[in-house]
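Structure first, then comments.
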Amino acid sequence: MTYRPDTTAAVGYRPDTEAGVGVVPPPGCPAHAGQARFGGPARPAAQSLPLYGPEFAADPHLFYERLRQYGPIAPVELSPGVEAYLITSYSLALEVLRDTERFAKDPRGWRALNEGRIPPDCPVGPMMMYRPNALFNDGEAHARLRGAITDSLTRLDPYALSEYVERSADTLINAFADRGEADLLADYAAAIPLLVFNELFGYPAEHGLRLVGTMARLFDSGEDAAEANQELLDYMAGLIAAKRRRPAADITSWMLVHPSQLADDELLQQLMLILAAGTEPQLNLIANALRLLLSDDRFAGELSGGSLPVQDAIDEVLWTDPPLANFGTRFARQDLDLAGVRIRQGEPILTSYAAANNDPELTSGGRLGNRAHLAWSIGAHRCPAESPARVIASVAIEKLLDRLPDIELAVPVDQLAWRTGPFHRALVALPVRFPVTARPTAAAV
0 MTYRPDTTAA VGYRPDTEAG VGVVPPPGCP AHAGQARFGG PARPAAQSLP LYGPEFAADP
60 HLFYERLRQY GPIAPVELSP GVEAYLITSY SLALEVLRDT ERFAKDPRGW RALNEGRIPP
120 DCPVGPMMMY RPNALFNDGE AHARLRGAIT DSLTRLDPYA LSEYVERSAD TLINAFADRG
180 EADLLADYAA AIPLLVFNEL FGYPAEHGLR LVGTMARLFD SGEDAAEANQ ELLDYMAGLI
240 AAKRRRPAAD ITSWMLVHPS QLADDELLQQ LMLILAAGTE PQLNLIANAL RLLLSDDRFA
300 GELSGGSLPV QDAIDEVLWT DPPLANFGTR FARQDLDLAG VRIRQGEPIL TSYAAANNDP
360 ELTSGGRLGN RAHLAWSIGA HRCPAESPAR VIASVAIEKL LDRLPDIELA VPVDQLAWRT
420 GPFHRALVAL PVRFPVTARP TAAAV
């Protein structure tokens with residue numbers, strides 16, 4: 000399959016650019032002005048909307064529309080009693096995500112936490128509380144920790160990665176090809192990233208498959224999130240011990256000897272970050288893109304070698320239903336006014352990548368081939384693993400469609416259920432059916 004970028008990008012946006020880089024807003028876009036760009040009619044008084052529960056999971060974009068009534072930033076509740084602000088504006092998201100002077104990633108200044116209003120077992124705690132890794136640090140500390148990750152990822156061979164994804168995909172498809180039906184989420188999308196990252200970490204594949212449910216519990220941010228977090232930490236500690244005894248050509252071994260000289264707790268949390276960021280969002284990207292390919296008439300020809308390539312489906316999902324929908328948490332370094340909203344020092348501000356990507360101020364007609372979305376975030380904390388993530392998703396999807404060209408959804412698309420949780424856009428299941436004609440392919444993982 001070949002990638003044919005559509006050059007009719009959204010008005011004012013260049014395709015294949017980092018979000019907001021080289022961007023010239025269209026005439027009349029609020030991004031042309033300063034704070035006044037958020038002016039207009041008086042807004043209703045803001046009331047916190049919950050970003051959890053089945054109602055939000057079923058239709059998050061309806062919630063984003065309600066939040067926009069209050070302006071580009073509005074109060075939300077991440078879990079019962081945990082308050083934050085959510086940005087729904089593309090231009091305001093760019094401003095905040097790039098501003099390291101007024102906004103910090105380090106959550107140790109979180110006001111509610113320091114005032115004792117966030118319990119230690121808070122469901123969203125594992126996704127928001129401090130860890131000594133690149134995600135939760137600023138300045139020189141962030142640069143040192145991020146360097147260890149980017150240097151290690153740069154050493155990956157993209158061709159070897161692609162081949163391993165293909166072998167893993169064949170192994171998984173062989174397990175259900177003779178059934179004529181499958182749950183592509185549980186049987187395929189959830190397993191591929193963990194198989195791949197165990198290979199990259201230098202651990203046997205069977206260890207990774209044990210983590211599928213554990214990782215889901217962490218991102219669901221339910222009552223057992225803290226337990227899931229501890230299970231992952233124990234897993235990583237075992238991995239590090241094994242690599243100290245027998246280093247090899249893998250990410251774990253490279254980070255053990257990296258010039259940044261990571262402390263033990265830093266190494267543990269750095270690997271935890273790579274695993275979490277590279278598996279749960281990855282499986283949701285694969286599943287959400289497959290859902291689109293199997294349900295959207297624009298992509299119908301793709302399943303028989305037709306018009307729109309898999310890369311276009313991936314980009315469409317990154318615009319409309321990014322797997323990490325609400326994150327990019329920042330904490331105000333001091334009391335400040337943001338788009339007419341008074342933010343106190345230490346209050347958390349999240350960016351809704353999903354809402355910002357679908358900001359009414361942006362046109363939606365030319366997104367195919369346009370990569371100015373915020374799914375990978377922006378600024379100093381932009382995701383460093385975009386390239387391998389794209390390889391894993393595209394190869395996994397193409398292999399499935401090549402092996403099972405007549406695959407189709409087993410239920411109407413509007414009957415597919417979504418997992419609850421404030422951060423992700425994740426299906427519960429993706430049931431499909433297909434003729435039992437696929438011939439197993441020899442594969443070894």
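Residue 214 in numbering that gives the first Met the number 0 sits at position 215 of the sequence shown, with consecutive numbering throughout.
Glycine residues also receive a C-beta, built at the ideal position from the N, C-alpha and C atoms.
When P71, R245, Q344, E100 are compared, the shortest CA-CA separation from L112 is found for Q344. Around C382, the same chain offers A276, W375, S376, A388 as residues with beta carbons nearer than 8 Å, after the five sequence neighbours per side are excluded. DSSP places R145 in the uninterrupted alpha helix (DSSP H) bounded by 138-153.
Between the alpha carbons of V75 and M126 lies a distance of about 16 Å.
With a contact defined as Cβ atoms closer than 8 Å, F330 and P119 miss out at about 19 Å. Per DSSP, reduced to three states, the secondary structure at H423 is strand. In the structure shown, I117 adopts coil according to DSSP, grouped into three states. The Cβ atoms of M254 and A133 do not sit closer than 8 Å to each other. Every unbroken stretch of the alpha helix (DSSP H) spanning 4 or more residues and falling wholly within the region 244-276 is given here in chain order: 250-255.
In the structure shown, the three-state DSSP call for N325 is strand.
Relative to the Cα of T251, the nearest Cα in the group S259, L238, A262, D263 belongs to L238. Per the Cβ contact rule, the region 282-300 is in contact with the region 173-191 (3 or more Cβ pairs under 8 Å).
Cβ neighbours of H141 within its own chain (closer than 8 Å, five residues either side excluded): K104, A133, A379, H380. If you look at Y89, you'll find it in the alpha helix (DSSP H) that goes 89-97. For E76, the enclosing beta strand (DSSP E) has its first and last residue at 72-78. DSSP, read as helix, strand or coil, puts S294 in helix. At the C-beta level, A324 and H206 stay beyond 8 Å of one another. By the Cβ criterion, the region 159-172 is not in contact with the region 404-419, since fewer than three pairs of Cβ atoms, one from each stretch, lie closer than 8 Å. Under the DSSP assignment, L349 falls in the beta strand (DSSP E) whose first and last residues are 347-351. When the alpha-carbon of A392 is set against those of T278, N228, Q269, the nearest one is in T278. Burial check for A248: the Cβ neighbour count within 10 Å stays below 16, so the residue is exposed.
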